[in-house]
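*Asks:* Sending over a structure as structure tokens; questions will come in a sec.
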Amino acid sequence: MKRKMKVFFNRGILSGICFVIVVLLIFVAVFAPVLAPCDPNVNDLRNVVKGISGEHLLGTDYLGRDVLSRILYGARISLYTSILAGALSAVLGILLGLVAGYFGGILNQTIMRMTDAILAIPALIFTLVLASALGGGVLSIVISIGVSLVPTYIRMVNGQVLSIKESDYVTAGKLIGLKNIRILLKHLLPNCFPSLIVLFTMNLGQGIMLEATMSYLGVGIAPPTATWGAMVSDGYSYLTTAPLLSILPGICIILVVVAFNVVGDGLRDALDPRLRGKL
Amino acid sequence: MAEKKHLLEVNHLKTSFYTDSGEVKAVNDVSYYIDEQEIVAVVGESGCGKSVTQMSVMQLIQSPPGKILGGEAILEGRDILKFRATSKEMRAVRGEKISMIFQEPMTSLNPVITVGKQLTEVIRTHKKVSRKEAWQMGVDALANVGIPEPEARMKNYPFEMSGGMRQRVMIAVAVACNSRLIIADEPTTALDVTTQAQVMELLLDVVDKMKTSLIVVTHNLGLVTRYADRIYVMYAGRIIESGTTEDLITKPCHPYTIGLLNAVPKLDANEHEQLTTIEGAPPDLANLPDTCAFLPRCPYAAESCRKLPCPELQQVGEHGHFSACHLKIRREDT
Amino acid sequence: MSEPNILLKVENLKMHFPAESTWFGKPTRFVKAVDGLDFQIEAGKTFGLVGESGCGKTTAGKCVLRIFEPTEGKIYYQGTDISRLTDSQLKPYRRNIQLIFQDPYGSLDPRQSVGSIVREAVLADGKKRLDLDVKARVEELLTLVELDPSMAGRYPHEMSGGQRQRLGIARALACDPKLIVCDEPVSALDVSIQAQIINLFESLQKKLGLTYLFIAHDLAVVRHIADTVAVMYLGHIVEMMDAGELYANPMHPYTKALLSAVPITDYYTEQKRSRIVLEGEVPSPIHAPSGCPFHPRCQFATELCKTQAPSLKDQGGNHLAACHNL
Numbered sequence: 010m011k012r013k014m015k016v017f018f019n020r021g022i023l024s025g026i027c028f029v030i031v032v033l034l035i036f037v038a039v040f041a042p043v044l045a046p047c048d049p050n051v052n053d054l055r056n057v058v059k060g061i062s063g064e065h066l067l068g069t070d071y072l073g074r075d076v077l078s079r080i081l082y083g084a085r086i087s088l089y090t091s092i093l094a095g096a097l098s099a100v101l102g103i104l105l106g107l108v109a110g111y112f113g114g115i116l117n118q119t120i121m122r123m124t125d126a127i128l129a130i131p132a133l134i135f136t137l138v139l140a141s142a143l144g145g146g147v148l149s150i151v152i153s154i155g156v157s158l159v160p161t162y163i164r165m166v167n168g169q170v171l172s173i174k175e176s177d178y179v180t181a182g183k184l185i186g187l188k189n190i191r192i193l194l195k196h197l198l199p200n201c202f203p204s205l206i207v208l209f210t211m212n213l214g215q216g217i218m219l220e221a222t223m224s225y226l227g228v229g230i231a232p233p234t235a236t237w238g239a240m241v242s243d244g245y246s247y248l249t250t251a252p253l254l255s256i257l258p259g260i261c262i263i264l265v266v267v268a269f270n271v272v273g274d275g276l277r278d279a280l281d282p283r284l285r286g287k288l
Numbered sequence: 032m033a034e035k036k037h038l039l040e041v042n043h044l045k046t047s048f049y050t051d052s053g054e055v056k057a058v059n060d061v062s063y064y065i066d067e068q069e070i071v072a073v074v075g076e077s078g079c080g081k082s083v084t085q086m087s088v089m090q091l092i093q094s095p096p097g098k099i100l101g102g103e104a105i106l107e108g109r110d111i112l113k114f115r116a117t118s119k120e121m122r123a124v125r126g127e128k129i130s131m132i133f134q135e136p137m138t139s140l141n142p143v144i145t146v147g148k149q150l151t152e153v154i155r156t157h158k159k160v161s162r163k164e165a166w167q168m169g170v171d172a173l174a175n176v177g178i179p180e181p182e183a184r185m186k187n188y189p190f191e192m193s194g195g196m197r198q199r200v201m202i203a204v205a206v207a208c209n210s211r212l213i214i215a216d217e218p219t220t221a222l223d224v225t226t227q228a229q230v231m232e233l234l235l236d237v238v239d240k241m242k243t244s245l246i247v248v249t250h251n252l253g254l255v256t257r258y259a260d261r262i263y264v265m266y267a268g269r270i271i272e273s274g275t276t277e278d279l280i281t282k283p284c285h286p287y288t289i290g291l292l293n294a295v296p297k298l299d300a301n302e303h304e305q306l307t308t309i310e311g312a313p314p315d316l317a318n319l320p321d322t323c324a325f326l327p328r329c330p331y332a333a334e335s336c337r338k339l340p341c342p343e344l345q346q347v348g349e350h351g352h353f354s355a356c357h358l359k360i361r362r363e364d365t
Numbered sequence: 169m170s171e172p173n174i175l176l177k178v179e180n181l182k183m184h185f186p187a188e189s190t191w192f193g194k195p196t197r198f199v200k201a202v203d204g205l206d207f208q209i210e211a212g213k214t215f216g217l218v219g220e221s222g223c224g225k226t227t228a229g230k231c232v233l234r235i236f237e238p239t240e241g242k243i244y245y246q247g248t249d250i251s252r253l254t255d256s257q258l259k260p261y262r263r264n265i266q267l268i269f270q271d272p273y274g275s276l277d278p279r280q281s282v283g284s285i286v287r288e289a290v291l292a293d294g295k296k297r298l299d300l301d302v303k304a305r306v307e308e309l310l311t312l313v314e315l316d317p318s319m320a321g322r323y324p325h326e327m328s329g330g331q332r333q334r335l336g337i338a339r340a341l342a343c344d345p346k347l348i349v350c351d352e353p354v355s356a357l358d359v360s361i362q363a364q365i366i367n368l369f370e371s372l373q374k375k376l377g378l379t380y381l382f383i384a385h386d387l388a389v390v391r392h393i394a395d396t397v398a399v400m401y402l403g404h405i406v407e408m409m410d411a412g413e414l415y416a417n418p419m420h421p422y423t424k425a426l427l428s429a430v431p432i433t434d435y436y437t438e439q440k441r442s443r444i445v446l447e448g449e450v451p452s453p454i455h456a457p458s459g460c461p462f463h464p465r466c467q468f469a470t471e472l473c474k475t476q477a478p479s480l481k482d483q484g485g486n487h488l489a490a491c492h493n494l
């Protein structure tokens, strides 16, 4: 564990900063009710689109709601949807990719052609259609984002499995009499990890982006629930007078997406025994 | 006989790589020479610095992490290590004066350009000739290295050729450039024995006809016994024994050379006879001891070896037979 | 005369891979990688299979291991034909035949520690064992291949080439195999390490009574370790003899050429030896020549060689060769 941490933090200051951002995001999401100075959904129509003040640290939006509180609560939704969607897509994608790659044949053809079909539709449109078909609500957003991300996992796992299953150590595993399930879980899956971790963290970022985009387009989580995407969308009309309304949640989205990607790269290196040995 | 002038003389060459685990002394004070029309072999196991030595002379070391720390390489009276790696003079040396042939010819040929285009390009970089003339020279060069139907072959892509054929193309490049010296780095390791014999015979022929010299870098002792005039044996970044092929193979003096020769399975030995091995593994070049680098594996090691610093090359026989060992060892000739 | 104890017997083994096919996936041309092999290996002995790349020696090994299902022919392991068995029927035989790979690093899962690689192989038969017994067995196996049991916590990338090959051998031995197919097991190793591994193979054979199918391109190595040697060319065995005969009395022109192409480290002999440099290259197995597969490169080829393939004939003293001109 100590060596893993060492590899992670040896990657430089950026890794450290991004790690802090991710930790902060989780902390904020968990403790939003405690940290937030106001209720994020309470309207105060006397204080509409106010700038930074002592009472409202980051100002208020067009309904007079506290921007800081909404960002804090928005972190919750972002993290919640992206992690759930990410987990859903990872589990489905890895499972299907492993099975398709390892067993090949008709199974492989069926799964891969379906994957191609989904990939042929732009992710955003696919998510939008699926979300509206499933009706509103957080769960439908999670499912639609999750399903739209599945093909990337299948593609990646399938490709990796196809090359790894030809490797000598898998042949050796078969020859010593290992069961297929053990070869799949113990040899193929761990050796897909490096790319999977990168993909998973990238997809967390992608999930946050998709959720934000959907909220921005108004098909996401229903108002008045605070989400970063909806905040960017709502603040859009006031871009010239109160640019912070859109920019602040926008910066949050960017920071978190970048942080997830960098942390993913670090995790990949930390979990690789070949790199651990070098230190 | 009058003192012959050396074609290439390398003195006190030092090359290191700076890595996370410290300074790796890949080439550690190496001196050697090659005369006109001579075939010299540099022998050693992987990681002994035999290839890095050649790459250093050609200034083809990746920097960083590699760095040539010192030494000189005199080619026709000029120190080519003084040239900047990217200078015009150095580029003229590579190809025109010295050609290099690598283990895997596929990687030194561009896979998406025809052999003919690549050949003419090299010829035109070094010689002021028209495209047509260069093409003809390329065809001649291919014919010279025994490639059937050279005109048709010029239009082939590298992947359409076999390994042996590609290696011939690399030799053709050297032939077309009239190189004075060919450095072949494990030229036949990736090839089958019969192809290996073809390629080596071809190189021999080229040395003979084109009056070039040849440095063969290899780990194959049989190959050097058959083809080389002189041999340098390298271990852990140093030359530990040198001499004519006859002296070195029949009267090896360094325990490592003796061990290597004993470790090769013989075609005419008794079956199932225990092979004499060299115990252990080569040392870590980042943590070399102050004493003889071979000491931990040496079956002859004496108490005195542990106290003395790393031994220098000393003359042990005629015709320039040198060995870097504190002990005076002779293998009993059979 | 008592029947020798034959562990493996291969009869008319053929392995053809589809090379070109019609639009409907029906193959029209085949790569005849292995085209009719017959040989047998006595228990406790080493059978050497030599030849250049593409001669089909590795494919033959993979058929014996049943990584491939052969197109034709029979493979008798201890009298049972295993050539057509399904995966589940193969189960009782799987662990009896093991493989040592050419590239020791590629044959080890980079994410598995040394101890775990051997432990997995010990446990893969599914029998219940005490943890203590497993640990003792792993240590015993590592010691057997002359690795320090304290290395169990290390990873393959932290080992030298020789150590990795020892680990590969330990994993194979964990299955208590009778037959080990060694596919170029020393060709990726340095000379000084190569000798160590060859000696290890020999001492293990003595200790455990192993039988080896030793596949290599290096004649000197095969000659050293094998009892019987078969020389392959384009999917056929062209000559088969006791190892001693290989150097002393080669008969087939291809064997002679191969031998003369191998440079040796005896200076005075080397200076005197005649060299036969073969013209051209091994033809592609898709367009295998008619008649004797070697005839386009053979300096003694006659009209008969071009039309009729010679069969392996006994030339006396257990020495078989397939050539019309003997």
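Taken in order, these protein sequences are the chains called A, B and C.
Residue numbers for the first sequence follow the working numbering, so the first one is 10 and each next one is one higher.
Residue numbers for the second sequence follow the working numbering, so the first one is 32 and each next one is one higher.
Residue numbers for the third sequence follow the working numbering, so the first one is 169 and each next one is one higher.
Note that beta-carbon positions come from the ideal geometry of N, C-alpha and C, so glycine has one too.
As the structure is a computational prediction, the values presented were derived from the model and not from experiment.
1. To the nearest angstrom, how far is the alpha carbon of Thr365 (chain B) from that of Arg279 (chain C)?
2. Looking only at C-alpha atoms, which of A:Pro252, A:Ala38, A:Ser24 and A:Gly113 sits nearest to Lys174 (chain A)?
3. At which residues does the beta strand (DSSP E) containing Gln208 (chain C) begin and terminate?
4. In terms of residue numbering, what span does the alpha helix (DSSP H) encompassing Ala308 (chain C) cover?
5. In angstroms with no decimal places, state the Cα-to-Cα distance between Val397 (chain C) and Asn141 (chain B).
6. Determine the contact status of Thr214 (chain C) and Ile393 (chain C), defining contact as a CB-CB distance below 8 Å.
7. Counting contacts by CB-CB distance shorter than 8 Å, is Gly168 (chain A) in contact with chain C?
8. Among the residues of its own chain, which have a CB less than 6 Å from the CB of Ser52 (chain B), if the five just before and after it don't count?
9. Tell me whether Met169 (chain C) is buried or exposed, calling it buried when 16 or more other Cβ atoms sit within 10 Å of its Cβ.
10. Which residues in chain C sit within 8 Å of Thr276 (chain B), going by Cβ to Cβ distance?
11. From this set, A:His196, A:Gly259, A:Leu248 and A:Ile127, which residue's C-alpha is nearest Ser172 (chain A)'s C-alpha?
12. Output the distance between the C-alpha atoms of Lys186 (chain B) and Thr50 (chain B), rounded to the nearest integer angstrom.
13. So for Thr214 (chain C), helix, strand or coil by DSSP?
14. With DSSP collapsed to three states, give me the class of Gln333 (chain C).
15. Taking 8 Å as the threshold (C-beta atoms), are Gly238 (chain A) and Ser224 (chain A) in contact?
16. Under 9 Å between beta-carbons, which chain C residues line up against Gly186 (chain A)? List them in chain order, please.
17. Report yes if the C-beta distance between Ile271 (chain B) and His285 (chain B) is below 8 Å; otherwise report no.
18. Alpha carbon to alpha carbon, how far is Met400 (chain C) from Val178 (chain C)? Give it in angstroms, no decimals.
19. Quick one: residues in its chain with C-beta nearer than 8 Å to the C-beta of Met265 (chain B), no 5 flanking neighbours on either side, listed in chain order?
20. Which value, in whole angstroms, describes the spacing of the CA atoms of Leu341 (chain C) and Arg252 (chain C)?
21. If the criterion is Cβ atoms closer than 8 Å, does the pair Leu39 (chain B) and Ala104 (chain B) meet it?
22. Check whether chain B comes within 8 Å of Tyr415 (chain C), counting only Cβ atoms and requiring the distance to be less than that.
23. Under a three-way DSSP split, which group does Gln118 (chain A) fall into?
24. Report buried or exposed for Phe496 (chain C), applying the criterion of at least 16 other Cβ atoms within 10 angstroms of its Cβ.
25. Mind checking the segment 42 to 76 of chain B against chain C and listing, in chain order, the residues whose C-beta falls within less than 7 Å of any C-beta there?
26. Between Glu182 (chain B) and the rest of its own chain, which residues show a CB-CB distance below 6 Å, the 5 nearest in sequence each way excluded?
27. Can at least three beta-carbon pairs, one atom from the segment 39 to 48 of chain B and one from the segment 294 to 306 of chain C, be found at a separation below 8 Å?
28. Using a Cβ-Cβ cut-off of 7 Å (strictly less than) and excluding sequence neighbours within five positions of Ser87 (chain B), which residues of its own chain qualify?
29. Which whole-angstrom value is the C-beta distance of Gly73 (chain A) and Leu54 (chain A), which I expect to be below 8 Å?
30. Does the separation of the CB atoms of Met183 (chain C) and Thr239 (chain C) fall below 8 Å?
31. So, Leu446 (chain C) versus Thr225 (chain B), is the Cβ gap smaller than 8 Å?
32. What's the C-alpha gap between Pro172 (chain C) and Asp395 (chain C)?
33. Start and end of the beta strand (DSSP E) containing Gln476 (chain C)?
34. Less than 8 Å between CB atoms is the rule here; does Pro172 (chain C) satisfy it with respect to chain A?
35. Do Val204 (chain B) and Leu150 (chain B) have their CB atoms nearer than 8 Å?
36. Straight-line CA distance for Leu335 (chain C) to Lys295 (chain C)?
*Replies:* In short, the structure shows the following:
1. Note on Thr365 (chain B): pLDDT 37, under 50, position unreliable in the model; no value is reported.
2. The shortest C-alpha separation from Lys174 (chain A) is found at A:Gly113.
3. Here the beta strand (DSSP E) through Gln208 (chain C) covers Pro195 to Glu210.
4. Correcting the residue type first, residue 308 (chain C) is Glu in the shown sequence and not Ala. Note, Glu308 (chain C): alpha helix (DSSP H), Asp299 to Leu312.
5. When rounded, the distance between both Cα atoms is 40 Å.
6. Going by C-beta atoms, Thr214 (chain C) is nearer than 8 Å to Ile393 (chain C).
7. No, its Cβ sits nowhere closer than 8 Å to a Cβ of chain C.
8. Correct list, in chain order: Ala317.
9. Because Met169 (chain C) sits at a pLDDT of 44, beneath the cut-off of 50, its placement in the model cannot be relied upon, and the point is left open.
10. Chain C residues near Thr276 (chain B): Tyr435.
11. Closest option to Ser172 (chain A), Cα to Cα, is A:His196.
12. Straight-line Cα distance between these residues: approximately 43 Å.
13. Three-state DSSP puts Thr214 (chain C) in a strand.
14. Three-state result, Gln333 (chain C): helix.
15. Yes; because the gap between Cβ atoms is below 8 Å, this pair is in contact.
16. When 9 Å is used as the limit between beta carbons, Gly186 (chain A) is near these residues of chain C: Lys259, Arg262, Arg263, Ala289, Ala292, Asp293, Gly294 and Cys343, in chain order.
17. Yes, the pair counts as a contact, with Cβ atoms nearer than the cut-off.
18. Pairing Val178 (chain C) with Met400 (chain C), the inter-Cα distance amounts to about 15 Å.
19. Counting only Cβ-Cβ distances below 8 Å, and skipping sequence neighbours, we find Val61, Val73, Val74, Gly75, Cys79, Gly80, Lys81, Thr84 and Ile271.
20. One C-alpha to the other measures close to 26 Å.
21. If you check the CB distance, Leu39 (chain B) and Ala104 (chain B) come in under 8 Å.
22. Tyr415 (chain C) counts as touching chain B.
23. Note: Gln118 (chain A) maps to helix in three-state DSSP.
24. What the structure shows of chain C is the stretch from 169 to 494, and residue 496 (chain C) is not part of that stretch, so it cannot be assessed.
25. Of all residues in the segment 42 to 76 of chain B, Glu76 have a Cβ within less than 7 Å of some Cβ in chain C.
26. Excluding positions up to five away in sequence, the list reads Val170.
27. Using a Cβ-Cβ distance cut-off of 8 Å, the segment 39 to 48 of chain B and the segment 294 to 306 of chain C are not in contact, since fewer than three pairs of beta carbons, one from each stretch, lie closer than that value.
28. Only Leu44, Thr46, Val58 and Ile99 meet the Cβ criterion.
29. Yes, they are in contact, since the Cβ atoms of Gly73 (chain A) and Leu54 (chain A) sit about 5 Å apart, within 8 Å.
30. Yes, they are a contact pair.
31. In contact: Leu446 (chain C) and Thr225 (chain B) (Cβ atoms closer than 8 Å).
32. CA-CA distance, Pro172 (chain C) to Asp395 (chain C), rounds to 14 Å.
33. Neither: Gln476 (chain C) is in no beta strand (DSSP E) and is coded neither H nor E.
34. Proximity of Pro172 (chain C) to chain A, defined by a Cβ-Cβ separation below 8 Å, is not satisfied.
35. At a Cβ-Cβ threshold of 8 Å, Val204 (chain B) and Leu150 (chain B) count as neighbours.
36. Taking the straight line from one Cα to the other gives about 22 Å.
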